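For the sequence shown, this note's numbering assigns the number 18 to the initial residue and increments by one for each residue that follows.
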Amino acid sequence: MFYFDVHTHHACSDSSLDVREVVQDVHSVGIHPWALASMSECEMEQIMNRVINRLERNENKQVVAIGECGIEKLCTASLSLQTEVFKRHVEWSEQYGLPLIIHCVKALDEMLYLKKTLSPTLPWIWHGFRGKPQQLEQLLHAGFYISFGYNYNKESLLACPLNRLFMETDDKQWIDKDKPLTIATIYEKVSHDLNISVEELSERCSIISEI
Numbered sequence: 018m019f020y021f022d023v024h025t026h027h028a029c030s031d032s033s034l035d036v037r038e039v040v041q042d043v044h045s046v047g048i049h050p051w052a053l054a055s056m057s058e059c060e061m062e063q064i065m066n067r068v069i070n071r072l073e074r075n076e077n078k079q080v081v082a083i084g085e086c087g088i089e090k091l092c093t094a095s096l097s098l099q100t101e102v103f104k105r106h107v108e109w110s111e112q113y114g115l116p117l118i119i120h121c122v123k124a125l126d127e128m129l130y131l132k133k134t135l136s137p138t139l140p141w142i143w144h145g146f147r148g149k150p151q152q153l154e155q156l157l158h159a160g161f162y163i164s165f166g167y168n169y170n171k172e173s174l175l176a177c178p179l180n181r182l183f184m185e186t187d188d189k190q191w192i193d194k195d196k197p198l199t200i201a202t203i204y205e206k207v208s209h210d211l212n213i214s215v216e217e218l219s220e221r222c223s224i225i226s227e228i
């Protein structure tokens, strides 16, 4: 059975796809908003150039997504800087034909505005969604794909169409001190809450994983 982990910070042993760090030479590239706080302008340009070089040398298709990137109002970097850098990520996504992994905290309205004004043609995947169904409805209406981690709002999960749903482990490695977290565990939990089999959920997600 195929388990698709759309966003993780650590290697997994259950055949999941990791788009944050290298697992079987597959990963994503991008600049997290929190990294901007400690960067000088020169350092930021150097890192951006490294990202571009990595995308230009992607003949083997090892880079499968852009991100994670986005806006977080709890971040010490200015909102204007975060927005400027995020727009660069959107440009890379469109130029290189790769989906965008979105990090967004307390900036829903700003992200919806950017989605509308920039009119991207590539998928934007909102990672780690824990919001209410009303927020989910806004994102779905705007065309976002939604990724749920281990902790999520069950009402929102039930309201999310399967053709827009992803799952992720993110940086969480343990459910509790005695039980490690795997993407298979999240599939089992989600399938239970959706009242469908793990096999059906896996089949549906293996289709949308090809976006």
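Ideal placement from N, C-alpha and C gives every residue a C-beta, glycine not left out. None of the values given here were measured: they were computed from a predicted structure.
Say yes only if the C-beta of residue i is nearer than 7 Å to one or more non-hydrogen atoms of the ligand FMN, and no if none qualify.
| i | result |
| --- | --- |
| residue 91 | The ligand FMN is absent from the structure shown, which contains no ligand whatsoever. |
Classify residue i as helix, strand or coil using the three-state DSSP reduction.
| i | result |
| --- | --- |
| residue 92 | coil |
| residue 86 | strand |
| residue 80 | strand |
| residue 171 | helix |
| residue 40 | For residue 40, the pLDDT reaches just 40, beneath the cut-off of 50, and the residue's location in the model is therefore unreliable, leaving the point undetermined. |
| residue 103 | helix |
| residue 66 | helix |
| residue 18 | coil |
| residue 110 | helix |
| residue 221 | helix |
| residue 214 | coil |
| residue 147 | coil |
| residue 74 | coil |
Starting from residue i, trace the beta strand (DSSP E) in both directions and tell me its first and last residue.
| i | result |
| --- | --- |
| residue 135 | Per DSSP, residue 135 belongs to no beta strand (DSSP E); it is in the alpha helix (DSSP H), 125-135. |
| residue 203 | That residue, residue 203, is in no beta strand (DSSP E); its alpha helix (DSSP H) goes 200-211. |
| residue 121 | 117-122 |
| residue 184 | 182-184 |
| residue 46 | 44-46 |
| residue 193 | 191-193 |
Would you mind working out which of the options sits nearest residue i, comparing C-alpha positions?
| i | options | result |
| --- | --- | --- |
| residue 144 | 119, 132, 159 and 182 | 119 |
| residue 172 | 68, 210 and 123 | 210 |
| residue 78 | 61, 114, 102 and 108 | 114 |
| residue 20 | 200, 147, 214 and 70 | 200 |
| residue 180 | 97, 62, 162 and 26 | 162 |
| residue 102 | 81, 131, 183 and 206 | 131 |
| residue 83 | 142, 89, 62 and 206 | 142 |
| residue 99 | 222, 87, 109 and 107 | 87 |
| residue 46 | 58, 66 and 129 | 66 |
| residue 110 | 124, 122, 121 and 136 | 136 |
| residue 308 | 80, 50 and 75 | Not covered by the structure: residue 308. The range shown for the chain is 18 to 228. |
| residue 112 | 133, 85, 69 and 159 | 69 |
| residue 23 | 139, 212 and 182 | 182 |
Report the partner residues of residue i according to the DSSP bridge assignment.
| i | result |
| --- | --- |
| residue 162 | 142 |
| residue 178 | DSSP output for residue 178 lists no bridge partner at all. |
| residue 197 | 191 |
| residue 25 | 187 |
Which residues mark the beginning and the end of the alpha helix (DSSP H) in which residue i is found?
| i | result |
| --- | --- |
| residue 15 | This structure cannot settle anything about residue 15, because the visible part of the chain is limited to 18 through 228. |
(request) Pair every Cβ in the segment 87-96 with every Cβ in the segment 43-60, then say whether three or more of these pairs are closer than 8 Å. (result) yes
(request) Check whether the segment 152-168 touches the segment 176-192, taking contact to mean three or more Cβ pairs, one atom from each stretch, closer than 8 Å. (result) yes
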